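S.K.: The following block contains the structure, expressed as structure tokens.
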Amino acid sequence: MTTRLGTASAGPGEVDTGRLEVGETRDGSPFGLPVAVVNGAKPGKTLYVQAVSDGDELHGVGVVQRVVPQLDPAEIAGTILFVGIVNYHAFQVAEHRNPIDDTKMNRAYPGSENGTSSERIAAATFDAATRADLILDLHQGSTSRMIDEVRVRCGKRHRLHDDCLELAKAFGCGYVLDQKGPDGQLARAAPDEGIPTVDPELGGAVGWDEESIRKGVDGVFNVLSYYDFLEEPIELERQTRANGFEQYGASCGGLVDFEKELGDEVARGETLYRITTPFGETKETVTADSDGLLWRTRRLPQVATGEYVCSLGTDLDSY
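Read in order, the letters of the sequence shown correspond to residues 1 to 319 in full-length UniProt numbering.
Structural data, given as structure tokens:
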């Protein structure tokens, strides 16, 4: 059966690319999101993959750019739907939020066909996503420095929590943040429609980092193998799971000097970082409030009072 997404149309054993039109720009020109359909030669499940719902998080489109050319529909059972760039307007100006309505796209789901710019894009992509059996919403830690991880955002009491956790394990970054996310996230909204959804957060960089993109490519192929889109056996590997997340900010201004590296385990009371003057004089020494793992840090060393410095994944276990 032919599968369509926007102007992309592919019969069994075919691949096609096109555009999913969602509105007009300020000069009245129509614009559309880049989409692809990979329709396998054999029947099977449907996987939906989207990237760049935050306009400066580019690792996801780096993954899509590398995955699609490697897919041979003759070897695939099922269908894979791609939206390569969700936040069209923010991508054009390399900003995090949609500049048309100053909205973070991943707070707009499930969206509204007659709403704001972000709500209309969210509605169009949500409609595409909810045609699938599984959803991957590819992100990164903005331009901060972060480990490669997968987020399960539906909450532990959700009826699909175990299914989402299994999908995160199949993706296989090695680290999982299992914490209920804010309203409006695709990974919150889609499980309410009965679709296991995860939010891989592929590191963090200005531009993109090839190692994080490689992990994302591996993760997509892991999912394709585990859920029988490909006839390639895969054994799930244990993941380090954080059930909590602590953020640390600066109580004074200066230069941050970290005592720990990303991915390091930290004991409660251990020094995380110092804030110094330009002459190396210590103004503040910050220690960990809990046992955990250094999950994310700011990229630039200079901070003002109250500015974000780093985050710990806490309440760690393995599954």
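Ideal Cβ positions, reconstructed from N, Cα and C, are used throughout, including at glycine. From a predicted model like this one, the values you see are computed outputs, not experimental measurements.
#1: Note the first and the last residue of the continuous alpha helix (DSSP H) segment covering residue 311.
#2: Would residue 152 pass as a contact of residue 179 if the rule is Cβ separation under 9 Å?
#3: Within the present structure, is the beta-carbon of residue 242 separated from the nearest heavy atom of the ligand ATP by less than 8 Å?
#4: Decide if the segment 47-63 is in contact with the segment 8-25; the criterion is three or more beta carbon pairs, one per stretch, under 8 Å apart.
#5: Between residue 162 and residue 299, what straight-line distance do the alpha-carbon atoms span, to the nearest angstrom?
#6: Given a cut-off of 9 Å on the beta-carbon distance, is the pair residue 265 and residue 291 in contact?
#7: Counting only the same chain and skipping the five closest in sequence on each side, list residues whose C-beta sits under 7 Å from that of residue 3.
#8: Any idea if residue 52 is buried or exposed, counting beta-carbon neighbours within 10 angstroms, 16 or more meaning buried?
#9: Should residue 252 be labelled buried (16 or more other beta-carbon atoms within 10 Å of its own) or exposed?
#10: Which residue's Cα is closest to the Cα of residue 249: 48, 309, 271 and 140?
#11: Out of curiosity, what's the CA-to-CA distance linking residue 297 and residue 123?
#12: To the nearest angstrom, how far is it from the Cα of residue 62 to the Cα of residue 108?
#13: Please state whether DSSP places residue 185 in a helix, a strand or coil.
#14: Under 8 Å by Cβ, that's how I've got residue 137 and residue 199 pegged, so tell me the actual separation to the nearest angstrom.
#15: Which whole-angstrom value describes the C-beta separation of residue 6 and residue 35, a residue pair presumed to lie in contact below a C-beta threshold of 8 Å?
#16: Using CA coordinates, which residue listed in 72, 112, 130 and 272 is at the minimum distance from residue 195?
#17: With distances taken from CA atoms, which of 260, 159, 98 and 141 is nearest residue 205?
#18: Excluding the 5 residues flanking residue 260 on each side, which residues of the same chain have their C-beta closer than 7 Å to its C-beta?
#19: Helix, strand or coil, according to DSSP, for residue 122 in the structure here?
#20: For residue 60, does the three-state DSSP call read helix, strand or coil?
#21: Quick one: what's residue 98 bridged to in DSSP?
#22: Cβ atoms of residue 111 and residue 125: under 9 Å apart, would you say?
#23: Measuring straight from C-alpha to C-alpha, what distance separates residue 325 and residue 173?
#24: Does the distance from the C-beta atom of residue 191 to that of residue 256 stay below 9 Å?
#25: For residue 43, tell me which candidate among 170, 213, 166 and 230 has the shortest Cα-Cα distance.
#26: Sort 28, 27 and 41 by Cα distance to residue 1 and report the nearest one.
#27: Which residues share a DSSP beta bridge with residue 302?
#28: Where does residue 244 fall in DSSP's three states?
M.R.: Per the coordinate set shown:
#1: Taking the first residue of the sequence shown as 1, we reach residue 311 at position 311. That residue, residue 311, is in no alpha helix (DSSP H); its beta strand (DSSP E) goes 308-318.
#2: Within the sequence shown, numbered from 1, the residue matching residue 152 stands at position 152. Within the sequence shown, numbered from 1, the residue matching residue 179 stands at position 179. Result yes, Cβ atoms of residue 152 and residue 179 sit closer than 9 Å.
#3: Annotation note on the ligand ATP: not contained in the displayed structure, which lists no ligands.
#4: The segment 47-63 makes no contact with the segment 8-25; the number of CB pairs closer than 8 Å stays below 3.
#5: Within the sequence shown, the letter at position 162 stands for residue 162. Within the sequence shown, the letter at position 299 stands for residue 299. Whole-angstrom Cα-Cα distance: 34 Å.
#6: Here residue 265 refers to the residue found at position 265 of the sequence shown. Here residue 291 refers to the residue found at position 291 of the sequence shown. Yes, the pair counts as a contact, with Cβ atoms nearer than the cut-off.
#7: Position 3 of the sequence shown, counted from the start, is the residue given in the question as residue 3. Taken in chain order, the residues that qualify are 10, 37, 39 and 79.
#8: Position 52 of the sequence shown, counted from the start, is the residue given in the question as residue 52. Counting Cβ neighbours within 10 Å, residue 52 comes out buried, since at least 16 surround it.
#9: Residue 252 sits at position 252 when you count from the first residue of the sequence shown. So residue 252 counts as exposed.
#10: To locate residue 249, count along the sequence shown from 1; it is residue 249. Residue 249 has its Cα closest to that of 309, out of 48, 309, 271 and 140.
#11: What you label residue 297 is simply residue 297 of the sequence shown in a count that begins at 1. What you label residue 123 is simply residue 123 of the sequence shown in a count that begins at 1. Taking the straight line from one Cα to the other gives about 33 Å.
#12: Against the sequence shown, residue 62 aligns to sequence position 62. Against the sequence shown, residue 108 aligns to sequence position 108. C-alpha separation (whole angstroms): 23 Å.
#13: By one-based count along the sequence shown, residue 185 stands at place 185. Reduced to three states, the DSSP call for residue 185 is coil.
#14: Mapped onto the sequence shown, residue 137 falls at position 137. Mapped onto the sequence shown, residue 199 falls at position 199. About 5 Å separates the two Cβ atoms, so the contact holds.
#15: Start at 1 with the first residue of the sequence shown, and residue 6 comes out as number 6. Start at 1 with the first residue of the sequence shown, and residue 35 comes out as number 35. Contact flag correct, Cβ pair sits at about 5 Å.
#16: Locating residue 195 in the sequence shown gives position 195, counting from the first residue. Cα-wise, what sits closest to residue 195 is 130.
#17: Position 205 of the sequence shown, counted from the first residue, corresponds to residue 205. Comparing Cα positions, the closest option is 141.
#18: Residue 260 sits at position 260 when you count from the first residue of the sequence shown. Excluding residues within five positions, the ones whose Cβ falls inside 7 Å are 266, 272 and 294.
#19: For the purposes of this step, residue 122 is identified with residue 122 of the sequence shown, where counting begins at 1. If DSSP states are grouped into helix, strand and coil, residue 122 belongs with the helices.
#20: Locating residue 60 in the sequence shown gives position 60, counting from the first residue. Note: residue 60 maps to helix in three-state DSSP.
#21: Locating residue 98 in the sequence shown gives position 98, where the first residue counts as 1. Residue 98 pairs with 103.
#22: Here residue 125 corresponds to residue number 125 of the sequence shown, with the count starting at 1. Here residue 111 corresponds to residue number 111 of the sequence shown, with the count starting at 1. Taking 9 Å as the Cβ cut-off, residue 125 and residue 111 qualify as a contacting pair.
#23: Absent from the model: residue 325. The displayed extent of the chain is 1 to 319, so no value can be given.
#24: Counted from its first residue, the sequence shown places residue 191 at position 191. Counted from its first residue, the sequence shown places residue 256 at position 256. No. Outside cutoff.
#25: Taking the first residue of the sequence shown as 1, we reach residue 43 at position 43. Of the candidates 170, 213, 166 and 230, the one whose C-alpha sits nearest the C-alpha of residue 43 is 230.
#26: For the purposes of this step, residue 1 is taken as residue 1 along the sequence shown, with counting starting at 1. With distances taken between Cα atoms, residue 1 lies closest to 41.
#27: Locating residue 302 in the sequence shown gives position 302, where the first residue counts as 1. According to DSSP, residue 302 bridges with 255.
#28: As a working note, residue 244 is residue 244 in the sequence shown. Reduced to three states, the DSSP call for residue 244 is strand.
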